[in-house]
Structure formats: C-alpha cells, structure tokens
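**Q** Chains Z and B are the protein sequences, given in the same order.
Everything in the first sequence is counted per this note's numbering, starting at 1 for the first residue and increasing by one.
Everything in the second sequence is counted per this note's numbering, starting at 480 for the first residue and increasing by one.
The C-beta atom is built at its ideal place from N, Cα and C for all residues, glycine as well.
This is the structure I have questions about; it appears just below.
Protein chains: 2
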Amino acid sequence: MANENKKMVDAITSMDEDFAKWYTDIVKKAELMDYSSVRGCMVIQPYGYAIWEHMQRNLDDRFKALGHENVAMPMFIPESLLQKEKDHVEGFAPEVAWVTHGGNEQLQERLCVRPTSETLFCDYYSRVIHSYRDLPKLYNQWCSVVRWEKTTRPFLRSVEFHWQEGHTMHETAEEAIAETEQMLNCYADFLENDLAMPVIKGKKTDKEKFAGAVSTYSVEAMMHDGKALQSGTSHYFGDGFSKAFEIQFSGRDNTLQYPHQTSWGASTRMIGGLIMTHGDDNGLVLPPAVAPIQVIVLPIAQHKEGVLEKARELTARLKTFCRAKIDDSDQSPGWKFAQYEMKGVPLRLEIGPKDIEKNQCVLVRRDSREKYFIGLEELETKIPELLEELRKGLYEKALARREAMTYTASAYDELCDLGENKPGLIKAMWCGELVCEEKIKQEAGLSSRNMPLEQEQISDVCVCCGKPAKAMVYWGKAY
Amino acid sequence: MANENKKMVDAITSMDEDFAKWYTDIVKKAELMDYSSVRGCMVIQPYGYAIWEHMQRNLDDRFKALGHENVAMPMFIPESLLQKEKDHVEGFAPEVAWVTHGGNEQLQERLCVRPTSETLFCDYYSRVIHSYRDLPKLYNQWCSVVRWEKTTRPFLRSVEFHWQEGHTMHETAEEAIAETEQMLNCYADFLENDLAMPVIKGKKTDKEKFAGAVSTYSVEAMMHDGKALQSGTSHYFGDGFSKAFEIQFSGRDNTLQYPHQTSWGASTRMIGGLIMTHGDDNGLVLPPAVAPIQVIVLPIAQHKEGVLEKARELTARLKTFCRAKIDDSDQSPGWKFAQYEMKGVPLRLEIGPKDIEKNQCVLVRRDSREKYFIGLEELETKIPELLEELRKGLYEKALARREAMTYTASAYDELCDLGENKPGLIKAMWCGELVCEEKIKQEAGLSSRNMPLEQEQISDVCVCCGKPAKAMVYWGKAY
C-alpha cells in the first residue's frame, strides 16, 4: 500500500519534559543533521546546510563590505608550527587530531588537523608582510576545523565543525583593537537583526579567553532553558604571535615593528542557537533571513479544478520576491501543516476553492499561528510585512525571556541560591581574581560568561570575596 | 625613501623559454597562491580565491538549477568504511593521510582524511534510503580533499585541493546514466562559455577510469603547450557501492532493489587551466565571468584638477553593471599597466585631462591590447559588448590552437612520431585492449585522454595491433 511508504510527522518530546531530548528531536526531525560513522562528526543534511549557506552569504557580504578578503590556508599544521606560540599550543595540543602517516609511509613530522588557524596565517604573514604598505591584511576563511572533544552534541560541540575564521594584521594596536570591536559588533548585528537573537556583548575573563589572546570578546545569547550560548568571539592578540613568528615590517618611520593581530569566528553552532532560542514544541521556528523556505504554499482540496493551477501560479509569483515553495504532493493537509511547522517555515500560505472564489488566500505565521486572510493582489506588500513582523516578534519574545531570566546578586549566598535554583544569567560584581572565579564555578556551579560592555554598578565589592570590584560579570551555565 | 617600498612588476619568464617556469611565475606574480610550510599544500591568496569563488558561485547556481542540494559530510573516513568497496580502496588507500591519534590517545581505528567521499555518502545513504520515494538523492558538497601526492604543482596537483563533489542516487540505471551525462554537459557548458576553454567530452578507458566506477566521463582541455588537462569528471557507478554498503529500497513493485549511483567533480585545477589556456608572456588573461576585477580604472595625470574626481565618479557608475575597481595609488601609470596585465584584468579604462575635455575615455582589451576611444555616455553598452567580444575572442583563439595542434594517426609509426615530435592531441583508433593502451603509453609516451562522444571513423583497425577497432581515442600527454 502506498500509505505504508508515506512519511509521518511524529510528535516530538516537549521542551519542559526533557529539554535535551526536545533539542535532538528537532535536529533530527527537521532533517538538519544526521549522525555519521565517525565519532563526533555529523552529516549536515540539505535543510540544515541551506540554513548555514544563508548564514554564510549574509556574514560574507558583511565581511567583504568591511574590506575583508577570503583566502584558503592548508588544513594541516606541522607540529613545530603549532608549538611556536606557547599559550596557544598549551590550549590546543591536547585536543587535536594527529596525522602520522601519508599513504604507507610514516611522516617525519606529525601534522595536526587545524583546530584553528592562527599559526598558519602567521606563517604566511611572516612571508608577505614587509612594509607598512602591506598592512592591514584583512583575511577570512570558511572551512571546517577539528577539536578532539570527548562529549559532543549536534551543532553545539562536535569533533569537526564548520565556521569562518577572520585573521587580520594591523600597523598599530589601536587599529587592531578597533577591528576586534568592529567584528564583535558585526556578529552582534547579524545575530540580533537577522537571527533575531538578542546578545550580550562583552569581554571574557582571562580564565575564559582564547589560548594566546590578549583579550577575547564574545556575544552571548540565552537559550530557552536559561543556559548561555557563546555565539561568536573576537580576539585581540597584540603582537604576541608576531614575535613568536618573527613577523616584522618597516614602519612609516623606517623602524622595524611587529604588527598587531586579531582573529574572530562564528560557526554552525549558531544553528543550535536558533533552535534553542526560537523553537517550540512543534519544532523549529526560523527567522526569515536564514529560512531556506520563507513561504510554503499548500493547495487545499487540490484535486478540485483550478486549485493546483492557481497554487502553482501563486508560487511562481512569490518566487520573484521571496523564497517560496509549493508542496503539491499527495500527503494530507494535516501532515503538511505539521511537517512545515517542524521545519520552521515562517509563513504558510493556504489556498483552496473557496479562497479562489474570494480572490484571497490564508497566511499563517509559524511563531504565533495567527491567521490572516489576504487579498491575492496584496501579497507583494503583505508577505514582506508579515515576515518582518515575525522577525521582530521572535526578537522581542527572546529578549523578554532573557530579561525575565536575568537576575542580580549582591551577596554570595544569593548568587549560590540563584545558581542552584534559577536557570538564567546572574549579574554580579567581581574583583578580577581567578580564585573567586574558580570558587564561584565550584560552589555555585556558575562560569563567567562575559564582562558586558554596558557595565552596571551593582555594588562596590566582589560578590565572592568582598574586596573592591573591578567589573560586573554575567554568570551562568553554558553550552 | 618611499620608492624603496614601492612594489615592482618584474618581467616573467617567457612561455617559449620555459613553460613550467612561466606558469609558476604567473601563479606567484599574479598573487594567486603561495607555498606553505606544509608539503604539497598551498595558500590560496585573495586574488586566486576570488577567482575560485566566482567559479563556485557559477557552478553552484547551475547545480541548484538542476535540482541538487548542498550537504556536508565528515572530513574523516574510518578505515573499515574505506575498505568496503574493493576497487575503490585499492585505488585510494595508497595515497591517503592517516589520523592515528586524537589528543594524546591512540585511536582504536585509524581515520583517513577523505581523498573523495563516495564511502561517506554511501554510509549516509544506507541510513536514509528506504523507499523509491526517497529517490533520487541529488547531493553536492564543496570541500577540500587530501591525496598524498609525491610531486605537486600549484593548482594542478597538490596534497590538499579544493573542489566540489556531487553524489547522486537513482531508482534506475537509466536515470543515473542520464545524470552522469547531464553533469558532464554542465561542466562542458561552464568551461566553454564561462571559462572560454574549449573541451572534448568523452569516456575514459577502463585503465583511466575512477576507482570503483563502471564508467568515467571527462572533459579534456588543451593547454598552450599541447598537453591535456582533465578539467572535470563524471562517474557512473551502477549499483556496485550500493551492494557493498547494502543500500536497498523498496521499489514501485514492492521488491527490494539497489539504487544506481553517480559522482562528479571539478576543482581548483580549473584555475591552472585558465592560466595555461589564456595566459601570455605578460601574465594572466581572465575571462570576464570569473575575473575578480572586470574593469580597472586608471586615472592618468591624476594630480591634475578634476581627474581623480572624474575617475572615481566613473568607477562608481561602472560598479552598477560590472566588477570595477580604481587604482588611484601613487604608483606610475607604467607600473599599473603592467600590474593589471599580470593580473589578467579583461579591460583597462584610462581617463586623463584630454579625455575629460573630449568627454571620452580609453578602453584597452587585455587579450589583444586593442584600444578603443569611447564616449562616456556609451559605457553602459560598450563595456558589456567588449567583455563579450573578449570572451569570444579567448574561446576562438583557444579553439584554433587546439585544432592546429590536433593530429590524426592511422599507422603506428605515425602515432609514435607524432607523440615524440608534436605536442598536442592525436586521434587514433583503438581495439579496446589494455595491452595496446599500455604499449602506446610505453613506446609513444601517450596516454589515452578519452573516447570522444563525437566519434570519427579514421580507420577500421586499431592503430597499434591492427585488430578491429572499437573506438577513436584522443591520445596525448596530460597534467
């Protein structure tokens, strides 16, 4: 029977029942990824990859508008190159994959599969930077990197993951710091406007900064369950790598100088962020900017005369101004409704015989399920309007949730109590000492997310030790 | 002195003097790539990568228009997975890079860095293909792969290279064969129309086919020196991998069946092909479709009043309909002319005080160096026209060269004589036996390029053994 072959949309685990299972249910049922035979490595399926392609295109346009150029570095790093910068190798060596054999021969020097490419870029820069005229270098690459993680979760933490890594070199520290800030703002703008994910921009503590960096900045988003997701990082390196790699240029004053460096990256973990920010118990909810399908057209009673024709005609018209698709398969309307809700398609357009009579159609918003009866002549204006309203709605809902789940602690027992009982972020003052950060981690189960650029003065003293405070920190649990 | 820091455009080795050196001179001086500290792996520099991005965008649009979807497979293949298809593992195992350690631990099973991804796609297909309703699967991925080559040359043969690999599964052999042909035609169309590289479409002999394929088709282009460059391949696998990986689906008649498979790939070696097809002793010559800069605007006597302003205004106008860039640096016009010729920019637009007076500019074609005096009001029509003429000119020149360097051999000593003395391709009949193919390789130094789809009947008998001929083959030397 044909029906046996029909696919079913099963209900997924509810978010409140089991958040982790809800997440993996969506990942699988929305067909974003599949597990592979390689431990910790995933197959990104067409629908998931299409979301990534929209993220890539969008970010790439932003990077290029800011003067960056794409390049490709090798995927391997010789062991001696990885070891040049001391902090960097300490941070990464324990978690890299080592290539020891090429064909049937053992290599004289092991190669690691890049976990990140600072060392490769610096090796290249040492050959091509000679004069201040060669600066700045504003490079980026799209690639995958490998970190030998023990525990992995789809999109959030995997042995191989896809990302972009920008690597820039500048004449002065000021320029490099400005670049670090610019790219942090670039990520924040993309996340907030295109992914509708409110983020907190801030500086990481020394404990949490990137191996080899002078300072690391991050954008942190809050997930449905109150945990934080670091969604993009931007690092300032000073001239540490330049010195380790002997990169020097003759400056405007004819003296030899070391250039100042940055790097910044964002990855497919943003897909995980989308799911855990906007998703609900019916599946994924996608912001229009990265939705592979923005409007799914569903003919109702499609066997009736003229329905399919009209639906196809509308789809063709929609394609001139948005990403539209028709599902005219023989699945039931109920199945189709559930299927495209699962896939997070922002708008559903239903058109049946009665609608055609009235020269209208029904539009249904994925996020609120609100229904709109729209005259067919209005689609060119109404669809972009509804997509924009949905985008704003997603952002505001996420922001309201973050605000409702953000707490302030001015006393240590309060911090511990919140850490134990309230999922979310906690604002508290900090003296800047590692010992307090580690104590908070151990006793309250909270790690420092970042020191937000927008500081508040909750009190004058560290929530932990009572000594004078240096900064307000967002504390929380993180993916 | 500022001048000491100015970059110079040195002359490059002439093509006739030393073709191999001419090639690497262009690769380096046009800043397409740089060598890295990793043996056989290169850094693709911004200008080279921009060419690749245009190739990617162009091909990707074609693939998607034909219904293909992009995905991402892991970069590693467990040894046991690589070994599932016998011919395939024999072909690739000797040239893969092996990962044996993750962090500080030895892996229980070695992983190879993918040399190609048939096995990974099949592993995935075995999990997701169950019914004829799941077919066809039309997947592609953009990635880099690794083959442990002993001798490497920029873009032509390297340990790591960037490419796309399409992998499709079909209900019937007919459909899969049609896909194989369709994608061969897709490559041919891209190469001929967008890269202005005439190609010969044909089938590879069994000796030259892909490890594990039933049949391999290729598009072969001829380089300046008469050598052939295989510029894209399309493989039909039958159900060999399906059986090895136990991929089965229930068919329309409810019986269990094995799907039929294809794969097809094109790589950054096309950049090498561009250089050796269109380049000359002044450097690269780029067809407009993949030129990062289509028109370089050079202000002449730019210190004179109004020149820079006018040149910038023109550049902004040009950017609305082509990829234009201005060079208003303080380098001399002579340096700039040489620099953008080296980089292969299709059109140079010069504008100086006299031109401004006459409301005109000078356009110079990179390929022929022809000069055109064009009224400024005509740019919107004239520039696209000239770019199109240049494209056609490149194609016709390459085609004429290929025809002049293509020979026919009906006797064996003629074949050997041509092989020894005439760079180029030689058409000759073949019986289909490996022994003749190997003899021709050994004695005439010629390998079979392909059996063209457009067959000619040069004679009835094999040029080597005199037995009845099965096909006309293009013989030659290849990169």
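Just tell me which of K86/Z, L120/Z, Q83/Z and T168/Z has its CA closest to the CA of M75/Z.
**A** Residue L120/Z is the option with its Cα nearest to M75/Z.
**Q** Report the rounded CA-to-CA distance for T151/Z versus Y479/Z, giving the unit in angstroms.
**A** If you take the alpha carbons of T151/Z and Y479/Z, they lie about 11 Å apart.
**Q** Kindly examine the ligand SAH and report whether one of its heavy atoms sits closer than 7 Å to the Cβ of A529/B.
**A** With respect to small molecules bound, the structure shown includes none, and the ligand SAH cannot be examined in it.
**Q** Compute the beta-carbon to beta-carbon distance between Y217/Z and L195/Z, rounded to the nearest angstrom, for a pair I have assumed lies under 8 Å.
**A** Contact doesn't hold; Cβ gap of about 18 Å is too wide.
**Q** Counting pairs of beta carbons, one from the region 107 to 124 of chain Z and one from the region 229 to 247 of chain Z, are three or more of them closer than 8 Å?
**A** Segments in contact, yes.
**Q** Of the choices P832/B, A690/B and L913/B, whose alpha-carbon is the least far from that of H784/B?
**A** The sequence given here places Glu at residue 784/B; His does not occur at that position. If we check each option's Cα against that of E784/B, P832/B comes out closest.
**Q** Does the beta carbon of L284/Z sit closer than 8 Å to a beta carbon anywhere in chain C?
**A** Looking for chain C here will not work: the only protein chains present are Z and B.
**Q** Give the DSSP-derived three-state secondary structure of L617/B in the structure shown.
**A** Strand, per DSSP.
**Q** Buried or exposed: R348/Z, going by 16 or more other Cβ atoms within 10 Å of its Cβ?
**A** Answer is buried; the Cβ neighbour count reaches 16.
**Q** List, in chain order, every chain B residue whose beta-carbon is nearer than 7 Å to that of E53/Z.
**A** Those are N549, listed as they occur along chain B.
**Q** Using beta-carbon positions only, say whether F990/B and S605/B come within less than 8 Å of one another.
**A** What is shown of chain B runs 480 to 958, which leaves residue 990/B out entirely.
**Q** List the endpoints of the continuous beta strand (DSSP E) containing K680/B.
**A** Unbroken beta strand (DSSP E) run through K680/B: I679 to K682.
**Q** Does chain Z have any CB closer than 8 Å to the CB of E574/B?
**A** For E574/B, the answer is yes, since a Cβ of chain Z falls inside 8 Å of its Cβ.
**Q** Roughly how many whole angstroms lie between the Cα atoms of K7/Z and S158/Z?
**A** Because K7/Z sits at a pLDDT of 48, beneath the cut-off of 50, its placement in the model cannot be relied upon, and the following sentence gives the value as read from the coordinates. Answer to the nearest angstrom: the Cα atoms are 29 Å apart.
**Q** DSSP three-state label for N421/Z, please.
**A** Helix at N421/Z.
**Q** Where do the N-terminal and C-terminal ends of the alpha helix (DSSP H) with Q818/B fall, by residue?
**A** That run of the alpha helix (DSSP H) goes P812 to M821.
**Q** Counting contacts by CB-CB distance shorter than 8 Å, is G344/Z in contact with chain B?
**A** Taking Cβ atoms only, chain B never reaches closer than 8 Å to G344/Z, which makes this a no.
**Q** Return the CA-CA distance between A803/B and E377/Z, expressed in angstroms with no decimal places.
**A** Cα to Cα, A803/B sits roughly 40 Å from E377/Z.
**Q** Using only the alpha-carbon positions, how far apart do E79/Z and M521/B sit?
**A** When rounded, the distance between both Cα atoms is 17 Å.
**Q** What three-state label does DSSP hand L708/B in the structure shown?
**A** Three-state DSSP puts L708/B in a strand.
**Q** Let's test the definition: count the other Cβ atoms within 10 Å of the Cβ of D25/Z and tell me whether it reaches 16, buried, or not, exposed.
**A** Flag for D25/Z reads buried.
**Q** Identify every residue that forms a DSSP beta bridge with R541/B.
**A** Answer by DSSP bridge pairing: none, since R541/B is not bridged.
**Q** For L284/Z, which residues of its own chain have a beta-carbon under 7 Å away from its beta-carbon, when the five flanking residues on both sides are left out?
**A** I26, A30, I275, M342, K343 and G344.
**Q** Classify V435/Z: buried if its beta carbon has 16 or more other beta carbons within 10 angstroms, exposed otherwise.
**A** The residue is exposed, with fewer than 16 neighbouring Cβ atoms inside 10 Å.
**Q** Any contact between the region 942 to 949 of chain B and the region 680 to 692 of chain B? By contact I mean 3 or more CB pairs, one from each, below 8 Å.
**A** The answer is no - the region 680 to 692 of chain B does not touch the region 942 to 949 of chain B, with fewer than three Cβ pairs under 8 Å.
**Q** Taking the C-alpha atoms as reference points, what is the distance between K682/B and V952/B?
**A** In a straight line, the C-alpha of K682/B is about 9 Å away from that of V952/B.
**Q** Nearest chain Z C-beta to V506/B closer than 8 Å, yes or no?
**A** Not closer than 8 Å to any Cβ of chain Z, the Cβ of V506/B fails to qualify, so no.
**Q** Just list the residues that DSSP pairs H547/B with in beta bridges.
**A** Beta-bridge pairing links H547/B to no other residue.
**Q** At a CB distance below 8 Å, what residues from the region 294 to 321 of chain Z approach chain B? Give them in sequence order.
**A** So nothing in the stretch comes that close.
**Q** Could you tell me whether any Cβ in chain B is nearer than 8 Å to the Cβ of P468/Z?
**A** By this cut-off, P468/Z is not an interface position.
**Q** Nearest to H54/Z by alpha carbon, out of S267/Z, A471/Z and P423/Z?
**A** The option with the nearest alpha carbon to H54/Z is S267/Z.
**Q** Report the option in T13/Z, L256/Z, K358/Z and E396/Z whose CA atom is closest to the CA atom of P287/Z.
**A** Residue E396/Z is the option with its Cα nearest to P287/Z.
**Q** Can you tell which of D807/B, L858/B, M648/B and P812/B has the C-alpha that lies nearest to the C-alpha of K798/B?
**A** Among D807/B, L858/B, M648/B and P812/B, the Cα nearest to that of K798/B belongs to L858/B.
**Q** Using DSSP's beta-bridge definition, name the partner residues of M908/B.
**A** Bridge partners of M908/B: M951/B.
**Q** Go ahead and pull the three-state DSSP assignment for E916/B.
**A** E916/B falls in the helix class under three-state DSSP.
**Q** If you check the beta carbons only, do W642/B and V99/Z fall under 8 Å apart?
**A** Not closer than 8 Å, so no.
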